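A.B. asks: Taken in order, these protein sequences are the chains called Z and P. For the record, in the first sequence the residue sitting at position 127 is 129 according to my numbering, with numbers rising by one throughout. For the record, in the second sequence the residue sitting at position 82 is 113 according to my numbering, with numbers rising by one throughout. Glycine included, every Cβ here is placed at the ideal spot set by N, Cα and C. Just so it is clear, the structure is predicted and the values come from calculations on it, not from any experiment. Let me give you the structure first, and then I'll get to my questions.
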Amino acid sequence: MSATNAPGAVSTAPSKKPGDAEPTDRIRKPRSLKRIFVYVLLSLGLLIMSAPFLWMALSAFKTTSELTASPPVWIPTEWTLDNFRDLLDRLDLPLYFMNSVIVAVLVTVSNLVFCSMLGYALAKLRFAGRNKIFGLVLGALMVPGNLMLLPLFVLMSKLQLIDSYAGLVLPFAAGAFGVFLMRQFMQSIPDELLEAARMDGAGEWYIFWRIVMPLVKPALATLSIFTFLGSWNNFVWPLIATNDPDKYTLPVALATFATDPNKAGGSNGMLMAGSFLIVLPVLVVFIALQRHFTQGIATAGMK
Amino acid sequence: MSTTTGKAAESAKVQAGPGTAKSPAAGPKGSRRRRKPSLGMQNMAGWLFSTPFLVLFLVFMAVPIIATLVMSFTDFGLRNVTHPLDANFIGFENYTKLFSDEKFLKSLFNTAYFVVVGVPLTIFLGLAVAVLLNNGIDRARTFFRVGFYAPVVTTIVAVAVVWRFVLDPSDGLVAGLFSEVGLTAPDFLGSETLAMPSMIAMAVWRNVGTVMVLFIAGLQAIPTEVREAARLDGAGVWQEFKGITVPLLRPTMLYATVITTIGYLNVFEEPFVMTQGGPSDSTLTVSLNMYREGFNFFHMGYASAMAYVLFVVIMGITVLQLRLLKDNTK
Chain Z
3 MSATNAPGAV
13 STAPSKKPGD
23 AEPTDRIRKP
33 RSLKRIFVYV
43 LLSLGLLIMS
53 APFLWMALSA
63 FKTTSELTAS
73 PPVWIPTEWT
83 LDNFRDLLDR
93 LDLPLYFMNS
103 VIVAVLVTVS
113 NLVFCSMLGY
123 ALAKLRFAGR
133 NKIFGLVLGA
143 LMVPGNLMLL
153 PLFVLMSKLQ
163 LIDSYAGLVL
173 PFAAGAFGVF
183 LMRQFMQSIP
193 DELLEAARMD
203 GAGEWYIFWR
213 IVMPLVKPAL
223 ATLSIFTFLG
233 SWNNFVWPLI
243 ATNDPDKYTL
253 PVALATFATD
263 PNKAGGSNGM
273 LMAGSFLIVL
283 PVLVVFIALQ
293 RHFTQGIATA
303 GMK
Chain P
32 MSTTTGKAAE
42 SAKVQAGPGT
52 AKSPAAGPKG
62 SRRRRKPSLG
72 MQNMAGWLFS
82 TPFLVLFLVF
92 MAVPIIATLV
102 MSFTDFGLRN
112 VTHPLDANFI
122 GFENYTKLFS
132 DEKFLKSLFN
142 TAYFVVVGVP
152 LTIFLGLAVA
162 VLLNNGIDRA
172 RTFFRVGFYA
182 PVVTTIVAVA
192 VVWRFVLDPS
202 DGLVAGLFSE
212 VGLTAPDFLG
222 SETLAMPSMI
232 AMAVWRNVGT
242 VMVLFIAGLQ
252 AIPTEVREAA
262 RLDGAGVWQE
272 FKGITVPLLR
282 PTMLYATVIT
292 TIGYLNVFEE
302 PFVMTQGGPS
312 DSTLTVSLNM
322 YREGFNFFHM
332 GYASAMAYVL
342 FVVIMGITVL
352 QLRLLKDNTK
C-alpha cells in the first residue's frame with residue numbers, strides 16, 4: 003500500500019532533495035548537472051507549495067505578540083495552545099465537525115449505491131434509452147453547479163428542508179461523476195461472467211450486488227474518497243442551505259467566523275488554528291490514500 | 032443502508048428470481064424459476080437500476096436548471112420564495128438591465144481577467160511539473176507528486192483564510208519575505224490593482240496539482256518506443272518535446288484546459304473569503320455577484336439571468352475550446 007511511502011514523504015517534508023539524496027547512487031553513476039538542476043527546481047516549487055501550510059501550522063501555535071510581530075516571526079519561540087482554546091470557546095467545533103461528518107457520510111453512501119446502480123445499467127445491461135441516459139450523464143457533468151442554486155433554495159424552502167441534513171444531502175445524493183467513473187470500471191468486467199450467472203438463474207440485483215460490486219472495490223474506494231472529500235470541502239450550497247448556526251458545516255462555520263469582524267476580531271491565531279483543524283485530517287487522509295486519488299483523477303481524465 | 036444489503040442477500044438466497052432487479056424500495060416477490068434470461072428482463076432491469084439516479088437528477092438538477100431559466104424572465108423576489116407562482120413575467124428586462132449594470136460588467140471583466148491570466152499559468156506550470164517529474168528525475172516522484180497535489184484536496188475556505196493571512200501586509204508570510212530583503216510589502220488584498228493577481232496566484236497554487244496529475248497520466252500513456260525512435264533519429268530534448276510529447280498530449284491538454292476554465296469561470300470561494308469582492312469591486316466575480324444579488328438582496332430573477340449569462344458564456348467557451356484544440360490535432 004501507499005502507507006509505505008507516506009511516512010517518508012512526511013518526514014522529509016520541505017527539505018531540499020539533491021543534498022540529502024542517496025549517496026550510493028551517486029557513486030554508481032555520476033549525477034548529471036541537469037538532473038541536479040531539476041531536483042533543485044522541483045524542491046523550490048515544493049517549498050512554495052507547502053509554505054502556506056507550514057505558515058498556517060506554525061502560526062496556530064504562536065502567541066498574540068508573535069502573530070502580530072513586525073517583521074513576522076517564522077517559528078514560535080514559545081509554543082502555545084491558546085489559539086485552539088480561544089477558538090473552541092467561541093466556536094462549537096465538535097458540532098460543526100459532526101455536521102460535516104454526517105452530511106459527508108450520507109452523501110458518500112448514497113453516491114456509492116445510486117451511481118453504481120446506474121453505472122452497472124449503462125455498462126452491462128442492454129435496454130432502450132441507455133444511450134440517452136448516458137448522454138444525460140455526460141451533459142450533467144458539464145453544467146456548472148451555480149446554475150441550480152436559486153431554484154434549489156426555493157425548492158428546499160418549500161419543502162421546509164433548509165437547516166436540515168436532508169437539505170444538505172439530497173442535491174448531492176447522486177453525482178454524474180460517480181456514474182461515469184463506475185461505468186468506466188464496470189465495462190472491464192467480462193460479459194461472460196455475468197452471462198454465466200444469468201444462466202444459473204441469478205437475477206440482476208444479485209449479479210450487481212454479489213458479483214459486480216465486489217469486483218469494483220478499487221473504484222468504490224476511489225469514488226468514496228472523492229465524494230467524501232467533495233462534500234467535506236463543499237461550501238456554496240451549505241452556505242445557502244443553512245441559516246441556523248447549529249446546522250453549519252465546518253467550512254461555513256469557519257468562513258462565517260473569518261468574514262465577520264465582530265467574531266474573529268482580526269485574530270489570525272484563532273483562524274490559523276481553525277484552518278489547521280480543518281485541513282489537517284484531510285491532508286493526513288490524502289497522504290495515506292494518495293494512490294487512489296491520482297488514479298481517480300487519471301481515470302476521469304483519460305476517458 | 033444495511034437493510035438494502037440484507038434484502039438483496041435474502042432475495043438472492045431464494046434462488047434469485049429472474050426479475051430480481053427491483054428498485055431498493057420494492058419488496059422481494061416473484062421467485063419463479065427461469066433458465067434463460069430474456070431481453071425484456073434486461074430492459075426492465077436497466078430502467079429500475081436507472082430510476083434512483085434519474086429521480087434525483089430530475090428533481091435536483093433538471094427542474095432547477097429549467098426553473099432558473101424561467102425565473103430569469105420574472106421579477107422573482109423575496110416574497111416569491113414562499114409564493115413562487117406570484118412572480119411576474121417581465122420578458123427580457125433582467126437581461127437588458129444586466130448589460131447596462133456597471134457592477135455586472137465589472138464582475139464579468141474580473142472573471143475574464145481571472146480566467147485569461149489564471150488558466151494559461153495553471154496549464155503551463157502543471158505541464159512543466161509533470162514533465163520534470165516524469166522525465167527529469169528518477170527518485171522521490173511520489174513524494175513530489177503528493178506535495179504538489181496536496182493543495183487540491185484541502186478545504187478551500189480554510190486555504191483562503193490562510194492565504195489572507197499569508198498576504199497580510201503587516202504580519203503575513205510574504206511581508207516577512209519582503210522585509211527579509213529590506214522591502215515593505217504592499218497591501219496585496221487591499222489594493223485594487225493587486226487584489227486580483229493575488230487571488231490568481233492562490234488559484235494557480237491550488238490547481239496546479241490537478242493539471243499535473245492529468246499530464247502525468249497522459250505522459251505515461253505515450254509509448255516509450257515512440258520516444259526511443261525519435262531519439263535514435265537524433266532528436267534533441269526540445270525536439271522530442273515539441274514533436275512528440277506536445278502533439279500526443281493534445282487530448283490531455285484539451286481536457287485540462289476545459290476543466291480549468293470551467294472551474295475558474297465559476298470562481299466564488301476565494302473572493303468570498305479573502306476580499307468579499309473588494310476593494311471597490313475589483314475582485315467581484317460573476318458567481319459572487321450572483322450570490323449577493325440572489326441571497327443577500329433577494330433579487331432572484333435578476334440573479335437567475337446572471338446565472339444564465341454565465342452558463343451561456345461557459346458553454347460557448349467550452350465548445351470553442353473543444354473546436355480549436357481538436358482541429359489542431361489533424
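How many angstroms separate the CA atom of GLY141/P from the CA atom of MET150/Z?
C.D. replies: Residue 141/P sits at position 110 when you count from the first residue of the second sequence. Residue 150/Z sits at position 148 when you count from the first residue of the first sequence. Here residue 141/P is Asn; the residue named in the question, Gly, does not match the sequence. Distance between the alpha carbons of ASN141/P and MET150/Z is about 22 Å.
A.B. asks: Is ASP202/P close to chain Z, meaning its C-beta is less than 9 Å from at least one C-beta of that chain?
C.D. replies: For the purposes of this step, residue 202/P is taken as the residue at position 171 of the second sequence. So, interface residue.
A.B. asks: Would the beta-carbon of LEU156/P fall within 9 Å of that of VAL239/P?
C.D. replies: In the second sequence, the residue the question calls residue 156/P occupies position 125. In the second sequence, the residue the question calls residue 239/P occupies position 208. A contact, by the Cβ cut-off of 9 Å.
A.B. asks: How would you list, in chain order, the residues of chain Z whose beta-carbon sits under 7 Å from the beta-carbon of VAL112/P?
C.D. replies: In the second sequence, counting from the first residue as 1, residue 112/P sits at position 81. Simply VAL156, SER159.
A.B. asks: Taking 9 Å as the threshold (beta carbon to beta carbon), is PRO253/Z in contact with chain P?
C.D. replies: By one-based count along the first sequence, residue 253/Z stands at place 251. At least one chain P Cβ lies under 9 Å of PRO253/Z.
A.B. asks: Using 9 Å as the threshold, is the C-beta distance between PHE174/P and VAL160/P below it?
C.D. replies: Locating residue 174/P in the second sequence gives position 143, counting from the first residue. Locating residue 160/P in the second sequence gives position 129, counting from the first residue. No, the pair does not count as a contact, with Cβ atoms beyond the cut-off.
A.B. asks: To the nearest whole angstrom, what separates the beta carbons of LEU170/Z and ALA243/Z, a pair I think is in contact under 8 Å?
C.D. replies: Taking the first residue of the first sequence as position 1, residue 170/Z is located at position 168. Taking the first residue of the first sequence as position 1, residue 243/Z is located at position 241. Rounded, the Cβ-Cβ distance is 6 Å, consistent with contact.
A.B. asks: Among residues of its own chain, excluding the 5 on either side of PHE187/Z, which ones have a beta-carbon nearer than 6 Å to its beta-carbon?
C.D. replies: Within the first sequence, numbered from 1, the residue matching residue 187/Z stands at position 185. So the list reads VAL218, ALA221, once near-sequence residues are dropped.
A.B. asks: For LYS128/P versus ALA338/P, is the C-beta spacing smaller than 9 Å?
C.D. replies: Locating residue 128/P in the second sequence gives position 97, counting from the first residue. Locating residue 338/P in the second sequence gives position 307, counting from the first residue. Cβ distance not < 9 Å, so LYS128/P and ALA338/P don't count as in contact.
A.B. asks: Given 8 Å as the limit, is there contact between the region 292-310 of chain P and the region 341-352 of chain P, that is, 3 or more CB pairs closer than that?
C.D. replies: In short, these stretches touch, since the Cβ pair count reaches three.
A.B. asks: On the DSSP letters alone, give me the boundaries of the alpha helix (DSSP H) that MET102/P sits inside.
C.D. replies: Here residue 102/P is taken as the residue at index 71 of the second sequence, counted from 1. Where MET102/P is concerned, the enclosing alpha helix (DSSP H) stretches over 94-102.
A.B. asks: Tell me whether PHE39/Z sits in a helix, a strand or coil according to DSSP, three-state version.
C.D. replies: For the purposes of this step, residue 39/Z is taken as residue 37 along the first sequence, with counting starting at 1. In the structure shown, PHE39/Z sits in a helix (DSSP, three-state: H, G or I).
A.B. asks: Between LEU170/Z and chain P, is the shortest Cβ-Cβ distance under 9 Å, so that the two count as touching?
C.D. replies: If you number the first sequence from 1, residue 170/Z lands on position 168. Output row for LEU170/Z: interface = no.
A.B. asks: Just to confirm the assignment, what range does the alpha helix (DSSP H) spanning LYS386/P have?
C.D. replies: This structure cannot speak to residue 386/P, because chain P is shown only from 32 to 361.
A.B. asks: Give a yes or no on whether the minimum CB-CB distance between LEU43/Z and chain P is below 9 Å.
C.D. replies: Numbered from 1 along the first sequence, position 41 holds the residue referred to as residue 43/Z. True, the Cβ-Cβ gap to chain P drops below 9 Å.
A.B. asks: Go through its chain and collect everything with a Cβ distance to VAL190/P's Cβ below 8 Å, but skip five positions before and after it.
C.D. replies: Here residue 190/P corresponds to residue number 159 of the second sequence, with the count starting at 1. Answer for VAL190/P: PRO182, MET233, ARG237, listed in chain order.
A.B. asks: Less than 9 Å between the C-beta atoms of GLY207/P and PRO78/Z, yes or no?
C.D. replies: By one-based count along the second sequence, residue 207/P stands at place 176. By one-based count along the first sequence, residue 78/Z stands at place 76. No, they are not a contact pair.
A.B. asks: Report buried or exposed for ILE50/Z, applying the criterion of at least 16 other Cβ atoms within 10 angstroms of its Cβ.
C.D. replies: Position 48 of the first sequence, counting from 1, holds the residue named residue 50/Z. With fewer than 16 other Cβ atoms within 10 Å, it is exposed.
A.B. asks: Mapping the DSSP letters down to three states, classify THR306/P as helix, strand or coil.
C.D. replies: Position 275 of the second sequence, counted from the start, is the residue given in the question as residue 306/P. Reduced to three states, the DSSP call for THR306/P is coil.
A.B. asks: I'd like to know whether the C-beta of SER313/P is nearer than 9 Å to at least one C-beta of chain Z.
C.D. replies: Position 282 of the second sequence, counted from the start, is the residue given in the question as residue 313/P. Closer than 9 Å: no.
A.B. asks: State the DSSP-derived secondary structure class of GLU124/P, mapped to helix, strand or coil.
C.D. replies: As a position in the second sequence, residue 124/P is number 93, starting the count at 1. Three-state result, GLU124/P: helix.
A.B. asks: Would you report the Cα separation of ALA252/P and ILE104/Z, rounded to the nearest angstrom?
C.D. replies: For this step, residue 252/P is matched to residue 221 along the second sequence. For this step, residue 104/Z is matched to residue 102 along the first sequence. Their Cα atoms are separated by approximately 39 Å.
A.B. asks: Quick check on DSSP: helix, strand or coil for THR251/Z?
C.D. replies: Taking the first sequence and counting its residues from 1, the one referred to as residue 251/Z is at position 249. Looking at THR251/Z - three-state DSSP - the assignment turns out to be coil, as it is neither helix nor strand.
A.B. asks: PHE116/Z: which of GLY131/Z, MET184/Z, LYS249/Z sits nearest, CA to CA?
C.D. replies: By 1-based counting over the first sequence, the position of residue 116/Z is 114. Nearest C-alpha to PHE116/Z: MET184/Z.
A.B. asks: With three or more beta-carbon pairs closer than 8 Å as the criterion, would you say the region 54-70 of chain Z touches the region 273-286 of chain Z?
C.D. replies: Yes: the two stretches touch, three or more of their Cβ pairs being nearer than 8 Å.
A.B. asks: When you compare only the Cα positions, how much space is there between ALA57/P and GLY177/Z?
C.D. replies: Residue 57/P sits at position 26 when you count from the first residue of the second sequence. Residue 177/Z sits at position 175 when you count from the first residue of the first sequence. Note on ALA57/P: pLDDT 41, under 50, position unreliable in the model; no value is reported.
A.B. asks: Does the CB of PHE179/P have a neighbour CB from chain Z at under 9 Å?
C.D. replies: The count along the second sequence starts at 1 and reaches residue 179/P at position 148. Chain Z, which has a Cβ nearer than 9 Å to the Cβ of PHE179/P, makes this yes.
A.B. asks: How would you write the range of the alpha helix (DSSP H) that VAL75/Z sits in, first residue to last?
C.D. replies: Along the first sequence, read from residue 1 onward, the residue named residue 75/Z stands at position 73. Per DSSP, VAL75/Z belongs to no alpha helix (DSSP H) and is neither H nor E.
A.B. asks: The alpha helix (DSSP H) spanning ASN7/P covers which residue range?
C.D. replies: Given that chain P is displayed from residue 32 to residue 361, the structure contains no residue 7/P and the question cannot be resolved.
A.B. asks: Are LEU161/Z and PHE107/P closer than 9 Å when you measure CB to CB?
C.D. replies: Numbered from 1 along the first sequence, position 159 holds the residue referred to as residue 161/Z. Numbered from 1 along the second sequence, position 76 holds the residue referred to as residue 107/P. Cβ atoms of LEU161/Z and PHE107/P: not closer than 9 Å.
A.B. asks: Would you report the Cα separation of VAL192/P and ARG87/Z, rounded to the nearest angstrom?
C.D. replies: Here residue 192/P is taken as the residue at index 161 of the second sequence, counted from 1. Here residue 87/Z is taken as the residue at index 85 of the first sequence, counted from 1. Cα to Cα, VAL192/P sits roughly 19 Å from ARG87/Z.
A.B. asks: Quick check: the Cα distance between VAL40/Z and ILE168/P, rounded to an integer number of angstroms?
C.D. replies: The count along the first sequence starts at 1 and reaches residue 40/Z at position 38. The count along the second sequence starts at 1 and reaches residue 168/P at position 137. When rounded, the distance between both Cα atoms is 7 Å.
A.B. asks: Please go through the same chain and pick out, in chain order, the residues whose beta-carbon is closer than 8 Å to the beta-carbon of THR349/P, but skip the five residues on each side of it.
C.D. replies: In the second sequence, residue 349/P corresponds to position 318, counting from 1. Excluding sequence neighbours, THR349/P sits near VAL289, THR292, ILE293.
A.B. asks: Cβ of LYS36/Z less than 9 Å from any chain P Cβ?
C.D. replies: Looking up residue 36/Z in the first sequence gives position 34. True, the Cβ-Cβ gap to chain P drops below 9 Å.
A.B. asks: Could you tell me the boundaries of the alpha helix (DSSP H) in which GLY169/Z lies?
C.D. replies: Here residue 169/Z refers to the residue found at position 167 of the first sequence. Segment 167-171, the alpha helix (DSSP H) holding GLY169/Z.
A.B. asks: Can you tell me whether ILE187/P is buried or exposed, with buried defined as 16 or more other CB within 10 angstroms of its CB?
C.D. replies: To locate residue 187/P, count along the second sequence from 1; it is residue 156. With 16 or more other Cβ atoms within 10 Å, it is buried.
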